[in-house]
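First the structure, in the form of structure tokens, and then the observations on it.
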Amino acid sequence: GENVEQHPSTLSVQEGDSAVIKCTYSDSASNYFPWYKQELGKGPQLIIDIRSNVGEKKDQRIAVTLNKTAKHFSLHITETQPEDSAVYFCAAGGFTGTASKLTFGTGTRLQVTL
Amino acid sequence: SAVISQKPSRDICQRGTSLTIQCQVDSQVTMMFWYRQQPGQSLTLIATANQGSEATYESGFVIDKFPISRPNLTFSTLTVSNMSPEDSSIYLCSVEPASTDTQYFGPGTRLTVL
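Residue numbers (the working numbering), protein chains in the order written: chain A, 1 to 114; chain B, 1001 to 1114.
Okay, here's the thing in structure tokens:
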């Protein structure tokens, strides 16, 4: 089955700096790579996703890159703000023809300091 | 996206008892999933709730411990049976609208077993 590794486990940046979180996956059949943000006491919220036919996607201060050959994808947050502080999860998977499934990384706790 | 609600939002239960968690979505969806998130950990898929048929369980999870119902396209329940302190977790429902492999999560149910 799919295995997703995520680094770093914790990340502290100053407000205004950039943050980068990296994930690797093992199953070359995975074709969908979402990122979720989970604030304390809440469910995960989808913030951006990318599919295997795209190398990069951007939404305002958030961008995701995908390298299918190396089987890794990254989340980039620019101009970080205190409200970006949360736990971020990457995931890999997608519809395989018979079932839809996501495997999640272990999470990155991002702290944005003033 | 979809608006998802879960009941109860939290509960404290005695070992040996059972708790049924409800998940309601505001529109018909193809797929519904149940995840467990142990304290400070990532998300682990318990099962896929299939409408009109038995749920599909992941390795390590069995129907006797986690019976699931899905009577229609907008509602599902997960029961945690014969609970022990090791079942203390956040239980999350997610949905996947038709023609997409994007999953949206509910707010979660925080379960503490004493």
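Just so it is clear, CB atoms sit at the ideal spot from N, CA and C, and this is done for glycine as well.
Computed from a predicted structure; not experimentally measured.
Contact with chain A by residue i, beta-carbon distance below 7 Å
i                       : result
residue 1111 of chain B : no
residue 1105 of chain B : yes
residue 1101 of chain B : yes
residue 1032 of chain B : no
residue 1016 of chain B : no
Inter-residue spacing [alpha-carbon to alpha-carbon] between residue i and residue j
i                       : j                       : result
residue 85 of chain A   : residue 114 of chain A  : 11 Å
residue 4 of chain A    : residue 26 of chain A   : 7 Å
residue 1009 of chain B : residue 1108 of chain B : 6 Å
residue 1075 of chain B : residue 17 of chain A   : 43 Å
residue 102 of chain A  : residue 61 of chain A   : 25 Å
residue 52 of chain A   : residue 34 of chain A   : 11 Å
residue 1013 of chain B : residue 1030 of chain B : 32 Å
residue 1088 of chain B : residue 1025 of chain B : 24 Å
residue 1069 of chain B : residue 1102 of chain B : 22 Å
residue 94 of chain A   : residue 1104 of chain B : 14 Å
residue 1034 of chain B : residue 1017 of chain B : 20 Å
residue 149 of chain A  : residue 110 of chain A  : Nothing can be reported for residue 149 of chain A: it is not among the residues displayed for chain A, which extend from 1 to 114.
Min CB distance residue i to chain B below 7 Å
i                      : result
residue 100 of chain A : yes
residue 73 of chain A  : no
residue 106 of chain A : yes
residue 94 of chain A  : yes
Simplified DSSP assignment, three categories, for residue i
i                       : result
residue 59 of chain A   : strand
residue 1011 of chain B : strand
residue 1087 of chain B : helix
residue 84 of chain A   : helix
residue 37 of chain A   : strand
residue 95 of chain A   : strand
Residues that residue i bridges to, as DSSP identifies them
i                       : result
residue 1030 of chain B : Answer is none; residue 1030 of chain B lacks a bridge partner.
residue 1075 of chain B : B:1024 and B:1072
Next item on the list: For the stretch 20–44 of chain A, enumerate the residues whose C-beta is nearer than 9 Å to any C-beta of chain B, in chain order.
Entry: 31, 32, 34, 36, 38, 41, 42, 43 and 44
Next item on the list: Below 9 Å between beta carbons is the criterion; list the residues of the stretch 1042–1058 of chain B that meet it against any residue of chain A, in chain order.
Entry: 1042, 1043, 1044, 1045, 1048, 1056 and 1058
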